[in-house]
Amino acid sequence: MKIRMKVDALWLELERKYMRKLLEQYRQWESQTLEKVRQARDLRTLREFFYELGERWEWDQVTGDWLAHGEPLDAVAFMLRVPSLHPDRDRYVLYAVMAYSKGVTDQFDHLGDKERVILERDTRTGKLYVWSTTGHGAVDLFPADLTPLGSIDEVLRQCHLIAQPGDHALRLVPPLSDKRFWSLHQRLWDIASGTTSFTWKTIDVLTPDEIEERMDFKFYRFAKAVIDLENAWRELQMTVSERVREVAADEIPDAVERRNRRTLRRVEGLLHVLWFQPPVRGLLPARLLYEELRNDDDLTNVEKNILPRLGELVYALNDVIEKAKYLKWKSVVEAQGQVESSIFDGLDISPLAREAVVVALDDILKEHTLAYVAYPERDTMVGKAMRISFGVLVLPLRILSAFLTVVSRRARQILSRFRSSPESPSDSTEESAVAEE
1 MKIRMKVDAL WLELERKYMR KLLEQYRQWE SQTLEKVRQA RDLRTLREFF
51 YELGERWEWD QVTGDWLAHG EPLDAVAFML RVPSLHPDRD RYVLYAVMAY
101 SKGVTDQFDH LGDKERVILE RDTRTGKLYV WSTTGHGAVD LFPADLTPLG
151 SIDEVLRQCH LIAQPGDHAL RLVPPLSDKR FWSLHQRLWD IASGTTSFTW
201 KTIDVLTPDE IEERMDFKFY RFAKAVIDLE NAWRELQMTV SERVREVAAD
251 EIPDAVERRN RRTLRRVEGL LHVLWFQPPV RGLLPARLLY EELRNDDDLT
301 NVEKNILPRL GELVYALNDV IEKAKYLKWK SVVEAQGQVE SSIFDGLDIS
351 PLAREAVVVA LDDILKEHTL AYVAYPERDT MVGKAMRISF GVLVLPLRIL
401 SAFLTVVSRR ARQILSRFRS SPESPSDSTE ESAVAEE
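Structure below.
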């Protein structure tokens, strides 16, 4: 699949300008890194050095290499399928992975970017909605209705993306020429996007089937395991009052009830980590709790209910983490051996863009929380406050910025014409008088 991407020509010019500056910093970082690797005395020293580089050094390396050898504002996209929090609904996350320097920020660690929009389709009513990203990862307060398009495939065919540099924002825009999608909100965003000339790019999109089947990256299974564990925990929490009556009637020993409460509190803490910490940080606490319960021969009924869900979670989470590592390793090995991967058959994207996709999948597991990726309604209070703030302020500020840009451009045009215009009549009169004298 492919999708169109609308790029501001002014942004493209700025990218060409700042790209050279950021690339110089990247190449310096690259040479310094290679020199330190050469100077490593033993494996321990080498391991310490990689710890110093940080968890995201591979993302910096891949996107930096992409910038060094690719075209300005190269991009590729992929779509993750995730379970909805509501029955009879499908949810999808469309990520755009972009290679651009963010030179305006003058920060080397801002090489490249990846932003997303969230789509949800009601399988019963056919309703289809999209939440675009307004800024810094915060999605719209209210979704846009894309129901007339009918399917996700039609969304990709008829809509286009607009990425906003430096703002961590990505918008999915419906075909505004179709009156069914005309609304004041869409018109305001159209104005806010500016009136400058634009460049159109057509970028490849890896579909959910390609991600799950070809690449065997089962993010859906991990997200569903978290939701199933939470649902079980909620159901067990709701029966507390009933268990209290049973305890009072001596039907359940106090020790068993205390143990149940302790286990449920630990599950609650684990769920907090799973929702609000990057997935890689949730594997260890989930595995510890699972192993403890699995090796206990005297489980309570509550713990027996929790155990299989914990087992599924540990397996699914470990699977996506290990698969991301394997895909990164495979992309490096295949690049060195000049072997084309079957997972990219039919996709006209560069080897660097292919490597960026698999590194982006790994980087999501290290950087983005599950709530951030696909469930903004489950975000923390800080995240919800940011979403409200950006939802209220970003559109007016962008409209104001677009207006000031137009005024500034018009003023420059007038000044340019005035400076290049023929001599004024008064000047000509004075010159004639001097000639007559």
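Heads up, the sequence shown is in our numbering, so the first residue is 1 and it goes up one at a time.
Positions of the beta carbon are idealized from the N, C-alpha and C atoms, including for glycine.
All of these numbers come straight from a predicted model, not from anything done at the bench.
Asked, Found
"Collapsed DSSP secondary structure at PRO279 in the structure displayed", "helix"
"Buried or exposed (CB count within 10 angstroms, at least 16 for buried), PRO376", "buried"
"Identity of the residue in MET238, ALA96, ILE191 nearest ALA169 by Cα", "ALA96"
"DSSP three-state assignment for LEU73, whether helix, strand or coil", "coil"
"Closest residue to VAL256 among VAL314, ARG287, LYS304, ARG281 (Cα-Cα distance)", "LYS304"
"For GLU115 and ALA163, believed in contact at Cβ under 8 angstroms, the rounded distance", "7 angstroms"
"Between the CA atoms of VAL62 and GLU30 - distance to the nearest angstrom", "11 angstroms"
"Collapsed DSSP secondary structure at TYR95 in the structure displayed", "strand"
"Best match in ASP209, ASP140, ILE211, ALA144 for proximity to ARG180 [C-alpha to C-alpha]", "ALA144"
"Buried versus exposed, by CB contacts within 10 Å (16 or more), VAL392", "exposed"
"Residue span of the beta strand (DSSP E) that contains PHE198, given as start and end", "198-206"
"Among VAL302, ARG20, THR45, THR239, the one whose alpha carbon lies nearest that of GLY70", "ARG20"
"Residue nearest to ASP65 in terms of C-alpha spacing, selected from GLU292, ALA356, ASN260, LYS17", "ALA356"
"Pairwise C-alpha distance: ASP60 and PHE49", "16 angstroms"
"Beta bridge counterpart(s) of ASP145 as assigned by DSSP", "TYR129"
"Exposure of ASN295, with buried meaning 16 or more beta-carbon neighbours within 10 Å", "exposed"
"Cα-Cα separation, ALA9 to TYR92", "30 angstroms"
"Straight-line gap, ALA75 to MET98 (C-alpha atoms, nearest Å)", "4 angstroms"
"Check whether ALA327 and VAL373 have beta carbons under 8 angstroms apart", "Checking the sequence, you will find Leu at residue 327 rather than Ala. No. Outside cutoff."
"Distance, GLN186 Cα to ARG266 Cα", "45 angstroms"
"Rounded C-alpha distance that separates SER408 from THR133", "28 angstroms"
"For LYS114, the first and last residue of its enclosing beta strand (DSSP E)", "113-122"
"Rounded straight-line distance, which links the Cα of THR405 to that of ASP216", "46 angstroms"
"Per-residue burial, MET79 [other beta carbons within 10 Å of its own, 16 or more giving buried]", "buried"
"ALA411, buried or exposed, once every other Cβ within 10 Å from all chains shown has been counted against 16", "exposed"
"Sequence-distant residues of its chain with Cβ nearer than 8 angstroms to ARG16 (five each side left out)", "PRO72"
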